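Accompanying notes for the structure given below.
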Amino acid sequence: MKILAVDDDEFILEIVGEVIRTMGDHEVVTASSAIEAIDFLSREPIQEIDCFLLDIQMPGMDGIELCRALRSCGAFPLTPVVMLTAMTDKRYIDNAYAAGANDYVVKPFEVGELQHRIRQAEQRASLVRKQLQDLDEDAGSSQKPGLLEPIQIFDVDNLIDYYALENYVPLLSRRSLFGSAVVGFHIRKVADIYERCSSLSFRWLIEDVAETISDQLRDYQFLMSYAGNGTFLCVIEEHQVPNLRKLVDAINLSLQKLELQVPTPGNQPVRVCAGDMVRLLGHASDKIENALLQARAHAERRGSDMEARLDEFWYLGRGAQ
Amino acid sequence: MTASPAALAGGLDRINQRFLAKLEDQCRVLDQLLEAGQGADTLTSTEALYVLHKIAGVAGTLGHTALGQASRACEQQLQSDIAVTGQPSPAGLAAIAEFRHQAANLLQR
């Protein structure tokens, strides 16, 4: 990999360089400020970077702004960005992920920890190369991504990729920031809708639902991600969790107003349901990922229960709840 | 080309020597602040904060855990002092004195 490390601390840049040299055939380039990094990336020929390591607190442009700039410039939409920072407040963590960071390492770090994160970033970089290739190929073909695949969505506020969410939740746990909860939102009858959709119309549906959920949560501190299978996972401050029934109603009303041109069973409007809120507190740190799985399972089960009850109502004459 | 773990240890050792040499210079900023006490101006306090932030980020990785913790505690206290009055509080000065103590111990070794 070619790694660009940006930090105003010369010692950190040197340590990073030494550590990475022990890890295989990587090349490290360094910049001591965000502006210097942008300058480097703007040079001809265009610089191919496979991974960024960014400090947050730097004079002038900070690492979060730099991360946002990297994501919005179009050249690095999926390239792994690892924040390497002493900033431990949750607002820095949230802002970094919302700006497009995939991982977050707190200084001072153990050498082994940095090596582990870089190996993860390397795996991610290789996956990203394949995804970008697939995206290019998809643009020219009608091959549909699998229903269970977490589709990459860009330009939706506070929406991060699933890999980043899987790093974010354990980080909250490691920093003892347990005051968050996970809620899953699931597109009802998504398998039936998926069968009827083209590749592009399914992608648009997922993007529209993501945008709608994000918009309805705009007054809250949250991060969300598309997990595949029509399910979105949203991590929100526990004390802020809205009334889920009202929230789902508002999301469904917004979706109806969008008049989505999606082939649904019986031409029913696209609707979502929410699962139960899963608190991070109470999950052991090493099993914190279970909170994501639980939230996902809750939302998907709620969706199938609702459809089953509706079937009973229509076909068996039982009361629907 | 991949470097060996021994090369990594050697590399980190060289960085550590330079870190300690610089620490001596950085302590002067904190000594100025201690000398000025609660009358220190915001500029000196802010400069001290910057120095502490950097030391806190690196010291632990180079194995100086106590120094790293002292600089982090000092940084947090001074940050809150600057936000409130722009000058170090008695608690802030005590935290700087503790940091200086840790740094002096390390530099004497």
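The listed protein sequences derive, respectively, from chains A and B. One rule links them: number in this note's numbering = place in the first sequence (from 1) + 852. One rule links them: number in this note's numbering = place in the second sequence (from 1) + 37. Glycine included, every Cβ here is placed at the ideal spot set by N, Cα and C. Note that the structure is predicted; figures quoted are calculated from it, not measured.
Rounded to whole angstroms, how far is the Cβ of V933 (chain A) from the Cβ of L906 (chain A), which I believe are closer than 8 Å? 6 Å
In chain A, which residues lie less than 8 Å from H90 (chain B) when you measure between Cβ atoms? Q909 and A938
Proximity test, Cβ basis, 9 Å: G873 (chain A) and chain B: In the sequence as presented, Gly is not what sits at residue 873 (chain A); that position holds Arg. At least one chain B Cβ lies under 9 Å of R873 (chain A).
Euclidean distance between Cα positions of Q1173 (chain A) and S1106 (chain A): Confidence is the limiting factor: at Q1173 (chain A) the pLDDT is only 49, short of 50, which leaves the residue's position unreliable, though a coordinate-based value still follows. Cα to Cα, Q1173 (chain A) sits roughly 23 Å from S1106 (chain A).
Short CB-CB distance (under 9 Å) between A110 (chain B) and chain A: Judged by the 9 Å Cβ criterion, A110 (chain B) is not in contact with chain A.
Please report how far the alpha carbon of H1150 (chain A) lies from the alpha carbon of E61 (chain B), in whole angstroms. So the alpha carbons of these two residues sit roughly 57 Å apart.
In chain order, which alpha helix (DSSP H) runs of at least 4 residues are fully inside the region 59-102 of chain B? List check, alpha helix (DSSP H) in window: 79-96.
Closer than 9 Å, CB to CB, is V95 (chain B) near chain A or not? yes
Identify the continuous beta strand (DSSP E) that holds T937 (chain A) and give its terminal residues. V933 to T937
Which chain B residues are close to F961 (chain A), counting only those with a beta carbon under 7 Å from its beta carbon? T98
Give the single residue among A:A951, A:D902 and A:Y1072 whose Cα lies nearest to the Cα of L979 (chain A). A:D902
With 16 other Cβ atoms within 10 Å as the buried cut-off, status of C64 (chain B): The residue is buried, with at least 16 neighbouring Cβ atoms inside 10 Å.
By DSSP, does V1200 (chain A) sit in helix, in strand, or in coil? Residue 1200 (chain A) lies beyond the stretch modelled for chain A, which goes from 853 to 1173, so this question has no answer here.
Return the bridge partner residues of A883 (chain A) from the DSSP annotation. A:V858
Checking contacts by CB at 9 Å: is L45 (chain B) closer than that to chain A? It does: the Cβ of L45 (chain B) has a partner Cβ on chain A nearer than 9 Å.
Check the Cβ-Cβ distances between Q1173 (chain A) and every residue of chain B, and say whether any is below 9 Å. Per-residue confidence for Q1173 (chain A) stands at a pLDDT of 49, beneath the threshold of 50, marking its modelled position as unreliable; the derived number appears in the next sentence. By this cut-off, Q1173 (chain A) is not an interface position.
When burial is assigned at 16 or more other CB atoms within 10 Å of the CB, is P960 (chain A) buried or exposed? Classification of P960 (chain A): buried, given that the 10 Å Cβ count is 16 or more.
Stretch-stretch touch, CB-based, cutoff 8 Å, three pairs: the region 1050-1058 of chain A with the region 1018-1031 of chain A: no
Which whole-angstrom value is the C-beta distance of H878 (chain A) and I872 (chain A), which I expect to be below 8 Å? 5 Å
Under 8 Å between beta-carbons, which chain A residues line up against F56 (chain B)? List them in chain order, please. Neighbours of F56 (chain B) on chain A, chain order: F863.
For G105 (chain B), go through chain A and note every residue whose CB falls closer than 8 Å to its CB, in chain order. P960
Beta-carbon contacts of K996 (chain A) that lie in its chain and below 6 Å, excluding the five residues immediately before and after: S1051
Check Y1078 (chain A) in the structure and name its three-state DSSP category. DSSP, reduced to helix, strand and coil, places Y1078 (chain A) within a strand of the structure shown.
Based on the DSSP output, what are the partners of I1039 (chain A) in its beta bridges? A:V1124
For L1110 (chain A), which option in A:L1145, A:P1121, A:A921 and A:L1011 has the closest C-alpha, if you only look at C-alpha atoms? Nearest C-alpha to L1110 (chain A): A:P1121.
Between Y87 (chain B) and V1087 (chain A), what straight-line distance do the alpha-carbon atoms span, to the nearest angstrom? 33 Å
Counted within 10 angstroms of its Cβ, other Cβ atoms place N947 (chain A) as buried (16 or more) or exposed: buried
Taking buried to mean at least 16 other C-beta atoms within 10 Å of its own C-beta, is D891 (chain A) buried or exposed? exposed
What first and last residue would you give for the alpha helix (DSSP H) that runs through F136 (chain B)? P127 to Q145
Contact the region 1080-1095 of chain A vs the region 1038-1045 of chain A: 3+ CB pairs below 8 Å: yes
Can you tell me the Cα-Cα spacing of S1156 (chain A) and L893 (chain A), whole angstroms? 48 Å
Distance, A73 (chain B) Cα to Y1020 (chain A) Cα: 43 Å
Suppose the cutoff is 7 Å on Cβ atoms and the five residues either side in sequence are ignored; what does the same chain contact list for F1006 (chain A) look like? The beta carbon of F1006 (chain A) sits closer than 7 Å to the beta carbons of P929 from its chain, once the five residues preceding and following it are set aside; these are given in chain order.
Given that I52 (chain B) touches chain A, what residues does it touch there, using C-beta distances under 8 Å? F863, E866, I867 and E870
Using a 10 Å radius around the Cβ and a threshold of 16 neighbouring Cβ atoms, would you call H90 (chain B) buried or exposed? buried
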